[in-house]
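As structure tokens, the structure follows; a few thoughts come after it.
Numbering (the working numbering), first residue to last: 115 to 630.
See below:
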């Protein structure tokens with residue numbers, strides 16, 4: 115059982131302190147605009163209230179229906195008011211921080227649990243998951259993981275049927291959030307074995323429904339696509355062992371604050387391996403079950419993203435939970451076994467409090483400052499999208515929903531490169547859309563976001579229909595770096611070009627509005 119110290123009054127205030135830390139740290143991000151994939155997610159979500167089963171359609175080979183619903187609900191509430199989406203992201207993250215604290219506080223001293231939860235809360239190493247709406251699959255998934263684990267964390271046997279049913283529902287709903295769910299049966303089994311002290315056989319039998327669901331998920335979304343040659347989440351991976359090891363090593367060193375230390379690949383690997391081996395041996399030697407489980411969580415979630423060549427910061431969200439749980443467990447154990455009542459006197463308690471608070475304050479100050487650089491980076495990324503939205507709004511009233519729309523894109527600005535060159539925080543990945551407006555966003559998602567997408571949406575015209583559509587009346591929108599403008603004489607030239615080549619000119623696109 116966790117210690118009864120600190121005092122009841124302090125324990126109650128820790129919730130408020132954690133919430134205040136999250137709100138204060140992320141408050142400057144209120145004006146970060148949407149960017150990149152955000153518009154694509156929204157575009158895949160507008161039809162859900164009319165066709166709810168469309169949420170089960172894959173998006174970029176991923177099965178993420180619940181994420182689509184979060185965007186659909188966001189647009190229903192906020193429309194094109196971008197701060198609303200940031201509010202949703204921060205709120206989800208805040209829920210995770212409080213759930214994480216609750217889980218740790220059941221097994222560790224509350225002060226250590228609160229310090230670790232606060233350090234996780236404002237880590238700049240997972241900034242993408244919170245500061246970018248498209249990074250929310252990881253944060254939403256963690257809500258279901260932590261919620262399910264809290265339901266499973268029951269000290270009296272047997273677990274009440276209603277509580278176990280709630281655990282299963284919470285755990286299985288997470289299937290619809292992100293493919294990283296495949297690790298949850300392992301995480302939950304490890305929790306029962308390492309933290310709760312159950313036998314491995316009992317834990318596996320107890321969670322057989324989760325393991326069965328894992329088998330079905332792998333068969334449907336991974337194995338079948340691979341065997342049939344169709345696209346699956348695995349096609350993004352590069353299974354080179356050396357590159358995966360190098361990426362994981364540098365990620366782990368980043369967790370330790372050594373990401374910019376300039377280690378070579380071999381040195382980084384050896385140091386990371388030594389740290390992992392030391393943590394594993396220390397957890398096993400001291401019989402620190404919570405630390406053992408936290409290390410398993412961290413390594414499993416790191417391994418899942420290791421084969422992917424890019425290293426987006428959102429992939430750090432789940433591993434950092436394991437990292438900070440392990441830190442809290444080791445710190446707690448050094449002052450007494452896993453939350454047992456302290457045997458030292460009041461002076462020892464004060465020393466413990468001072469050490470934890472001093473270390474936590476130092477970490478939080480460093481992280482808080484670094485997080486502001488992250489916010490600045492994402493603000494610059496969003497500003498180019500905000501500018502495009504403003505430019506399109508200038509011409510949108512003249513665009514008729516009754517006629518097809520021909521876009522001629524002569525924009526030359528590479529906004530992504532400008533953002534990357536100006537990055538002040540942690541190295542991050544921004545994807546380039548080569549034929550998009552300023553290589554950022556395609557016209558339909560942009561126009562739909564600013565329009566009435568629950569009624570009509572702009573969609574590409576099929577290739578077999580292009581000649582016929584160009585022969586009729588078309589609204590022509592010309593785009594260059596100065597903005598959008600109507601150009602009525604362009605359809606003839608475009609039609610002639612299409613007749614000769616069978617393709618629209620580079621940068622052009624033909625679209626029409628359809629009832630949603």
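C-beta atoms are modelled at their ideal positions from N, C-alpha and C, and glycine is treated no differently.
The structure displayed is predicted, hence computed values, not measured ones.
query: Tell me which same chain residues have a C-beta within less than 8 Å of the C-beta of residue 253, skipping the five on either side of it?
result: Contacts found: 203, 206, 207, 210, 243, 244, 431.
field: C-alpha distance - residue 226 paired with residue 542, whole-angstrom precision
entry: Rounded to whole angstroms, residue 226 to residue 542 spans 30 Å at the Cα level.
- prompt: What did DSSP end up calling residue 622 once you bin it into helix, strand or coil?
  reply: Annotated three-state conformation of residue 622 is strand, per DSSP.
message: For residue 442 and residue 468, I'd like the C-alpha separation in whole angstroms.
response: Note on geometry: alpha-carbon atoms of residue 442 and residue 468 lie some 15 Å from one another.
- prompt: In three-state terms, what does DSSP make of residue 236?
  reply: DSSP, read as helix, strand or coil, puts residue 236 in coil.
- request: Measure the C-alpha to C-alpha separation of residue 526 and residue 557 and round it to an integer number of angstroms.
  value: Distance between the alpha carbons of residue 526 and residue 557 is about 15 Å.
task: Alpha carbon to alpha carbon, how far is residue 617 from residue 346? Give it in angstroms, no decimals.
output: Each residue's alpha carbon lies about 29 Å from the other.
- request: Determine the contact status of residue 285 and residue 305, defining contact as a CB-CB distance below 8 Å.
  value: Between residue 285 and residue 305, the gap from beta carbon to beta carbon reaches 8 Å or more.
Buried or exposed by the 16-neighbour rule on C-beta atoms within 10 Å, applied to residue 428: Classification for residue 428: buried.
query: What three-state label does DSSP hand residue 543 in the structure shown?
result: Coil, per DSSP.
- prompt: Buried or exposed: residue 519, going by 16 or more other Cβ atoms within 10 Å of its Cβ?
  reply: Burial state of residue 519 is buried, judged by a 10 Å Cβ sphere holding 16 or more other Cβ atoms.
- request: Drop a sphere of 10 angstroms on the beta-carbon of residue 323, count the other beta-carbons inside from all chains shown, and report buried for 16 or more, exposed for fewer.
  value: With fewer than 16 Cβ atoms within 10 Å of its Cβ, residue 323 is classed as exposed.
- prompt: Can you tell me whether DSSP reads residue 538 as helix, strand or coil?
  reply: Three-state DSSP puts residue 538 in coil, outside helix and strand.
- request: For my contact list, residue 176 and residue 559 are in at a C-beta cut-off of 8 Å; report their separation, rounded to the angstrom.
  value: Not a contact, Cβ separation roughly 17 Å.
- request: Evaluate residue 165 with the Cβ neighbour count: other Cβ atoms within 10 Å of its Cβ, from every protein chain shown; 16 or more gives buried, anything less gives exposed.
  value: With fewer than 16 other Cβ atoms within 10 Å, it is exposed.
field: Bounding residues of the alpha helix (DSSP H) (the contiguous stretch that carries residue 283)
entry: It spans 275-287 - the alpha helix (DSSP H) in which residue 283 sits, taken as one unbroken run.
- request: Grab the span of the alpha helix (DSSP H) containing residue 210 for me, first residue to last.
  value: Per DSSP, residue 210 belongs to the alpha helix (DSSP H) from 196-219.
message: Can you look up residue 578 in the DSSP assignment and give me helix, strand or coil?
response: Of the three classes helix, strand and coil, the one that applies to residue 578 here is helix, per DSSP.
message: In the DSSP output, what is residue 520 paired with across the bridge?
response: Under DSSP, residue 520 forms a beta bridge with 590, 624.
- request: Would you kindly work out how many angstroms separate the C-alpha atoms of residue 614 and residue 626, rounded to a whole number?
  value: The alpha-carbon atoms of residue 614 and residue 626 are separated by roughly 23 Å.
- prompt: Considering only the beta carbon of each residue, do residue 147 and residue 500 sit closer than 8 Å?
  reply: A contact, by the Cβ cut-off of 8 Å.
- prompt: Count the other CB atoms within 10 Å of the CB of residue 549; is the residue buried (16 or more) or exposed (fewer)?
  reply: Exposed, because fewer than 16 other Cβ atoms sit within 10 Å of the Cβ of residue 549.
field: Which of helix, strand or coil DSSP assigns to residue 629
entry: If DSSP states are grouped into helix, strand and coil, residue 629 belongs with the strands.
Alpha carbon of residue 384 to alpha carbon of residue 354, nearest angstrom: Between residue 384 and residue 354, the C-alpha separation is close to 18 Å.
task: Take the Cβ of residue 447 as the centre, count every other Cβ of all protein chains shown within 10 Å, and call the residue buried at 16 or more, exposed below.
output: Buried.
field: Whole-number beta carbon distance between residue 420 and residue 358, since they are thought to touch under 8 Å
entry: Sure, about 4 Å apart at Cβ, within 8 Å.
Given residue 283 as reference, the closest of 185, 321, 343, 545 once Cα atoms are compared: When each option's Cα is compared against that of residue 283, the closest is 321.
task: Return helix, strand or coil for residue 551, following the three-state DSSP convention.
output: Strand at residue 551.
message: Using CA atoms only, rank isn't needed, just tell me which of 579, 185, 492 is closest to residue 539.
response: The candidate whose alpha carbon is nearest that of residue 539 is 492.
query: Excluding sequence positions up to five away, which residues of its chain have a Cβ less than 7 Å from the Cβ of residue 318?
result: The residues are 303, 325.
query: Should residue 301 and residue 251 be called a contact, given that it needs their Cβ atoms to be closer than 8 Å?
result: Going by C-beta atoms, residue 301 is not nearer than 8 Å to residue 251.
- prompt: To the nearest angstrom, how far is it from the Cα of residue 367 to the Cα of residue 373?
  reply: Across the structure, residue 367 and residue 373 are spaced so that their CA atoms are roughly 5 Å apart.
Pairwise C-alpha distance: residue 369 and residue 502: Looking at the two C-alpha atoms, the distance is approximately 36 Å.
task: Taking the CB atoms as reference points, tell me whether residue 485 and residue 238 lie closer together than 8 Å.
output: Yes, Cβ-Cβ distance for residue 485 and residue 238 is below 8 Å.
- prompt: If you follow the alpha helix (DSSP H) that residue 391 is part of, which residue opens it and which one closes it?
  reply: Per DSSP, residue 391 is one residue of the alpha helix (DSSP H) stretching across 379-399.
- prompt: Exposed or buried, which one is residue 388 when buried takes at least 16 other CB atoms within 10 Å?
  reply: The residue in question, residue 388, is exposed, as its Cβ has fewer than 16 Cβ neighbours within 10 Å.
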